[in-house]
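Those sequence lines, one after another, are chains A and B.
The numbering of the first sequence is the numbering used here, which starts it at 1 and goes up by one.
The numbering of the second sequence is the numbering used here, which starts it at 1001 and goes up by one.
Every residue, glycine too, gets a C-beta built ideally from N, C-alpha and C.
Predicted model, so just to flag it, every value in this text is computed and none were measured.
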Amino acid sequence: MDAFYPVWLGPQRFAIPATSVRGIEQVREYGSPTTALHTRWGRIPLCDLAALSDPPPRDLDFRYALLIMYNHAWIGIVVDRIDDLVSVAQTVLPLPPLVHDSILDPTISGVILLDDIPCVVLDLEAFVVTYWLVSQSNFMIP
Amino acid sequence: MSASSAQFILFQLSTEWFVLPVEQIRGIERWRPPTPVPSTPPAIIGIINQRGALVTALDIRVLLGFKVEAPTRRTRFLLAHFNGVDLALVADYVADMLPLNLASIKIAPGGGSNLSSGLIQSPLGLASMLNLEAVLGMLAVAY
Chain A
1 MDAFYPVWLG
11 PQRFAIPATS
21 VRGIEQVREY
31 GSPTTALHTR
41 WGRIPLCDLA
51 ALSDPPPRDL
61 DFRYALLIMY
71 NHAWIGIVVD
81 RIDDLVSVAQ
91 TVLPLPPLVH
101 DSILDPTISG
111 VILLDDIPCV
121 VLDLEAFVVT
131 YWLVSQSNFM
141 IP
Chain B
1001 MSASSAQFIL
1011 FQLSTEWFVL
1021 PVEQIRGIER
1031 WRPPTPVPST
1041 PPAIIGIINQ
1051 RGALVTALDI
1061 RVLLGFKVEA
1071 PTRRTRFLLA
1081 HFNGVDLALV
1091 ADYVADMLPL
1101 NLASIKIAPG
1111 GGSNLSSGLI
1121 QSPLGLASML
1131 NLEAVLGMLA
1141 VAY
């Protein structure tokens, strides 16, 4: 049995392996754009999962952050909603051929069926590398 | 059925009629929301669970540059199988199965290099024979 957190980004549900989640915090900030969470562990930078769909900037207030560890550092991945943990007997299914061939994004690691509906499984560490670390880097182009 | 005739499924994409050989169709299902997968080409609208198997849902209207209307009660998935790939093709309306005389099929200009490999006169109007090989080829170019 593997456990997953079903998380929502707008109308779409994704599944996050529970083993990669170290904690869940509500993001409660007002005013200027929220980029970090202040917790008992200190300041944790936030990264919006909506980067997957290349959205316009949005207000992160009153959303939820999945806390993960990447390279010995805390990072919060912001989602709209988190459902109760679910356990599934099935293994993660590979994407069907045409979809699999078209994706270069390592964030998408497969699919599980929740209530018989396909749900894309995300690798949050790969997401951090693909969408957050790149945006934080200052590349010097000669 | 004589050797010179074959069965085709007649369906509509936007206002245009298309046919596919019945050998390429495994079933017709009511439309249901597919699960979108990030980072895929726009024509790949997601995946559906078809009796335990994951099938790629494809909207050919996007490839054809047609206006994409919201699904209605008449919208269907044509479950196609081609070159080992299972596809759920969005159709605005699935009309009927047609027996056609193969000699009546007019080869499309360009020798089938676009998404249509021929034109036929159906009871509901002129219909293009969808070329699934070209569809898959166009998707391969897209990524």
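Nearest to residue i by CA position, among the options, is which residue?
{"i": "Ser1117/B", "options": "Tyr1093/B, Pro1033/B, Pro1036/B and Asn1131/B", "result": "Asn1131/B"}
{"i": "Ile16/A", "options": "Pro94/A, Leu37/A, Ser53/A and Phe4/A", "result": "Phe4/A"}
{"i": "Val1037/B", "options": "Val86/A, Thr91/A and Leu52/A", "result": "Leu52/A"}
{"i": "Val120/A", "options": "Ser87/A, Ser109/A and Val129/A", "result": "Ser109/A"}
{"i": "Ile1105/B", "options": "Ala1053/B, Asn1083/B and Leu1119/B", "result": "Leu1119/B"}
{"i": "Arg1026/B", "options": "Phe1008/B, Pro1042/B, Pro1123/B and Met1129/B", "result": "Phe1008/B"}
{"i": "Leu95/A", "options": "Leu113/A, Phe62/A and Ala50/A", "result": "Leu113/A"}
{"i": "Ser87/A", "options": "Thr34/A, Asp115/A and Thr130/A", "result": "Asp115/A"}
So, is residue i buried or exposed, given that buried needs 16 or more other C-beta atoms within 10 angstroms?
{"i": "Pro6/A", "result": "buried"}
{"i": "Gly1111/B", "result": "Bear in mind that the predicted position of Gly1111/B carries a pLDDT of just 46, short of 50, making it too unreliable to give a figure here."}
{"i": "Ile75/A", "result": "buried"}
{"i": "Phe1011/B", "result": "buried"}
{"i": "Trp1017/B", "result": "buried"}
{"i": "Asp1092/B", "result": "buried"}
{"i": "Thr1035/B", "result": "buried"}
{"i": "Phe127/A", "result": "buried"}
{"i": "Asn1049/B", "result": "buried"}
{"i": "Thr107/A", "result": "buried"}
{"i": "Ser1113/B", "result": "Confidence at Ser1113/B is low in this model, with a pLDDT of 47, below 50, so its placement is unreliable and the value that follows should be read with caution. Ser1113/B should be labelled exposed."}
{"i": "Thr1015/B", "result": "exposed"}
{"i": "Ile1028/B", "result": "exposed"}
{"i": "Ala73/A", "result": "exposed"}
{"i": "Thr35/A", "result": "exposed"}
Please confirm whether residue i has its beta-carbon closer than 8 Å to some beta-carbon of chain B.
{"i": "Phe127/A", "result": "no"}
{"i": "Leu98/A", "result": "yes"}
{"i": "Ile112/A", "result": "no"}
{"i": "Ile16/A", "result": "no"}
{"i": "Asp83/A", "result": "no"}
{"i": "Ser80/A", "result": "Residue identity differs from the one stated: residue 80/A is Asp in this sequence, not Ser. It does not; no Cβ of chain B falls within 8 Å."}
{"i": "Asp2/A", "result": "no"}
{"i": "Asp105/A", "result": "yes"}
{"i": "Asn108/A", "result": "In the sequence under discussion, the amino acid at residue 108/A is Ile, which differs from the Asn named in the question. Chain B contact via Cβ: present."}
{"i": "Ser102/A", "result": "yes"}
Is the Cβ of residue i closer than 8 Å to any Cβ of chain A?
{"i": "Val1062/B", "result": "no"}
{"i": "Asn1131/B", "result": "no"}
{"i": "Ser1039/B", "result": "yes"}
{"i": "Ile1045/B", "result": "no"}
{"i": "Asp968/B", "result": "Nothing about residue 968/B can be read from this structure; chain B reaches only from 1001 to 1143."}
{"i": "Ser1009/B", "result": "It is Ile, not Ser, that sits at residue 1009/B in the sequence shown. Answer no: the Cβ-Cβ gap between Ile1009/B and chain A never drops below 8 Å."}
{"i": "Leu1124/B", "result": "no"}
{"i": "Leu1079/B", "result": "no"}
{"i": "Leu1139/B", "result": "yes"}
Could you tell me which chain B residues have their CB closer than 7 Å to the CB of residue i, listed as they occur along the chain?
{"i": "Leu46/A", "result": "Within 7 Å Cβ-Cβ: nothing; Leu46/A doesn't reach chain B, min ~19 Å."}
{"i": "Leu93/A", "result": "Leu1054"}
By the criterion of Cβ-Cβ separation under 9 Å, what are the contact partners of residue i in chain A?
{"i": "Thr1035/B", "result": "Gln12, Arg13, Val111, Ile117, Pro118, Cys119 and Val120"}
Please list the partners that residue i has in chain B, where partner means a Cβ-to-Cβ separation under 8 Å.
{"i": "Ser53/A", "result": "Pro1038"}
{"i": "Ser20/A", "result": "Ordered by position in chain B, no residue passes the 8 Å Cβ test against Ser20/A, which lies about 18 Å from the chain."}
Residues of chain A with a CB under 8 Å from the CB of residue i: which are they?
{"i": "Leu1115/B", "result": "Per Cβ cutoff of 8 Å: no residues; Leu1115/B is ~16 Å from chain A at best."}
{"i": "Ile1048/B", "result": "Pro118"}
Can you list the residues of chain A that residue i reaches, using a CB-CB cut of under 7 Å?
{"i": "Val1085/B", "result": "Pro97 and Leu98"}
At 3 residues or longer, and completely inside the segment 1006 to 1044 of chain B: list those beta strand (DSSP E) runs for me, N to C.
1016 to 1021 and 1025 to 1030
| request: Starting from the N-terminal side, write out each stretch of the beta strand (DSSP E) that is 3 residues or longer and does not extend beyond the segment 42 to 101 of chain A. | output: 42 to 48, 63 to 70, 73 to 79 and 86 to 88
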